[in-house]
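Take a look at the structure below.
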Ligand code: ADP
């Protein structure tokens, strides 16, 4: 059975981008057709300024939302990264495999690093090395497929390069994984700035739909989405990114095709209204289940404890083999 691995960073509240780009597929497809491992990657949250209590709260919230969205702990493994030491252990060996040049070329490092420097903040070394830890997350499990949004393509490419290089130097140790993306909405854009992705680590703003937003808040955000001053509804990502984003979101919610949907709408207003309704309906069961699960934190803890035990059992032999392979 193929192995699937993916994760979510607890750096903010989960967004519609996380749901459409990743979580929904984990629930609807991946857990049914593979031995799937899903992780709240909390070590990654320390690469930027963070508050310890907030990271802890957001980790729990992310795990709870993963279960609320429908991950079934009887079918897949759900755990928190820092509960399994193998990730950090393997990361060091991969730091000895990667070069500083290839890490400095990572787009996310360049963007986030530039933002931090512009704000007068220092850049943590871990922001540079974070893709190596991500490679360790993936390679520790003998992963075949990594279902992610398009923003993660470059990091999965690096993971592949490191696996190949390690295998060439030290003998076959790691499966070389590949990224998979959803057909629609692989890159959900910010509703107020449709040229940048809807990311949970950004400043909270009205362009980001959070999974736990109240329905009327979600509706308002979508009705106020930036479009352009035209009238005709046309799917054109380059020229009309705001409109294309709404069409992608609607298509992802309803299972339609964004270009075909464009032809069905006489006005921007009608498109926004239907998109808002579709998103609210899509998220309703997730919000309801989340409200139930938060009343029983012990049950979530138990799932995470069992998940970590299983994850440890899966990762340890491969990480031990990697240590032996490099001569330790
Ligand atoms: P974030 O950028 O919100 O911090 P993470 O790094 O935690 O996201 O990513 C979790 C998953 O959600 C990844 O698979 C990522 O590709 C996906 N994802 C995040 N933002 C978006 C988006 N705007 N559109 C599509 N997928 C996204």
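In UniProt numbering, the protein residues as written are 1 to 328. A virtual CB, placed ideally from N, CA and C, is assigned to each residue, including glycine. Just so you know, these numbers come straight off a predicted model, no measurement behind them.
Taking C-beta separations shorter than 6 Å and ignoring five residues to either side along the sequence, the partners of residue 307 in its chain run 77, 78 and 79, following chain order.
Nearest in C-alpha terms to residue 162, of all of 198, 128, 98 and 140, is 98. With a 10 Å radius around the Cβ and a threshold of 16 neighbouring Cβ atoms, residue 195 comes out exposed. About 5 Å separates the beta carbon of residue 84 from that of residue 312, a gap short enough to meet the 8 Å contact definition.
Exclusion of residue 106 from the 7 Å shell around the ligand ADP follows from its C-beta lying no nearer than that to any non-hydrogen atom of the ligand.
DSSP places residue 189 within a strand segment (E or B) once states are collapsed to three.
Residue 59: not part of any beta strand (DSSP E); member of the alpha helix (DSSP H) spanning 52-69, first to last residue. The beta carbons of residue 191 and residue 286 sit no closer together than 8 Å.
The C-alpha of residue 21 is placed about 15 Å away from the C-alpha of residue 4. For residue 222, the secondary structure class from DSSP, reduced to helix, strand or coil, is helix. Annotation: the stretch 145-215 contains the following complete segments of the alpha helix (DSSP H) (minimum length 4 residues), in chain order: 153-170. With respect to the 8 Å criterion, residue 6 and residue 38 are classified as neighbours on the basis of their beta carbons. Separation of residue 301 and residue 272 (C-alpha to C-alpha, rounded to the nearest whole angstrom) is 39 Å. A distance criterion of 7 Å places the beta-carbon of residue 223 beyond contact range of the ligand ADP, judged by its closest non-hydrogen atom.
Per DSSP, reduced to three states, the secondary structure at residue 240 is coil, with no helix or strand assignment.
Ranked by Cα distance from residue 91, the options 11, 141 and 117 are led by 141. Each residue's CA atom was taken as its position, placing residue 115 and residue 1 some 42 Å apart. Relative to the ligand ADP, residue 240 has its C-beta separated by 7 Å or more from all heavy atoms.
Inclusion of residue 148 in the 7 Å shell around the ligand ADP follows from its C-beta lying nearer than that to a non-hydrogen atom of the ligand. Scanning 269, 185 and 14 for the CA closest to the CA of residue 256 turns up 185. Taking non-hydrogen atoms of the ligand ADP into account, the C-beta of residue 110 is found less than 7 Å away from none of them. Residue environment analysis places residue 120 among the exposed positions, since fewer than 16 neighbouring C-beta atoms fall within 10 angstroms of its C-beta. Annotation for residue 237: 244 place their beta carbon closer than 6 Å to its own, counting only its chain and skipping 5 residues before and after.
Remark: C-beta atoms of residue 175 and residue 144 approach each other more closely than 8 Å.
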